[in-house]
Structure formats: structure tokens, C-alpha cells
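In what follows, a single structure is set out as C-alpha cells and then discussed.
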Amino acid sequence: ILVIFATFVTRSGMWVSVHSWQDFTLEGMIIAVFLLVLLGSSIVLLVRRYFEENED
Numbered sequence: 030i031l032v033i034f035a036t037f038v039t040r041s042g043m044w045v046s047v048h049s050w051q052d053f054t055l056e057g058m059i060i061a062v063f064l065l066v067l068l069g070s071s072i073v074l075l076v077r078r079y080f081e082e083n084e085d
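Note that my numbering numbers the sequence shown so that position 14 is 43, with each residue one more than the last.
Now the structure itself:
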């Protein structure tokens with residue numbers, strides 16, 4: 030799934046290249062922040078669920 034996402038992002042012009050950080054635009058920053066928020070919230074939810082299941 031991540032390969033498909035990376036291909037879409039690179040081919041659509043959102044990012045020039047995965048390795049090209051010098052052309053990091055506002056759109057790229059928005060996508061990066063979105064992905065970080067998504068990752069952070071997923072980790073928080075997984076940790077909360079883990080501790081809720083192990084309370085017994």
C-alpha cells in the first residue's frame with residue numbers, strides 16, 4: 030500500500046522526488062504534517078487499546 034501511495038505522490042507532482050528535499054513546498058509540508066498526525070494518532074490509539082485490554 031505504501032508503494033502505491035509513494036508512486037502516486039511522486040507521479041502527481043506533489044513531491045518532485047522522495048529524495049529531493051530541497052524543493053520541499055508548502056503542499057509537501059502539509060502532506061508531511063498530515064502523515065505525522067495520522068501516524069501519531071494511530072500509535073496513541075494502539076497504546077491505549079493495549080493497556081485497556083491488559084487491565085484485567
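Each residue gets a CB set at the ideal place from its N, CA and C atoms; glycine is no exception. Every value quoted in this text rests on a predicted model; they were computed, and no experiment measured them.
State the Cα-Cα distance for the pair residue i and residue j, rounded to the nearest angstrom.
i   : j   : result
L74 : L68 : 10 Å
A39 : N83 : First, the amino acid is wrong: residue 39 is Thr here, not Ala. T39 and N83: Cα-Cα distance of roughly 42 Å.
T36 : V66 : 21 Å
I60 : S71 : 16 Å
V62 : L31 : 17 Å
M58 : F80 : 33 Å
E56 : F34 : 16 Å
Mapping DSSP to helix, strand and coil, what is residue i?
i   : result
E84 : coil
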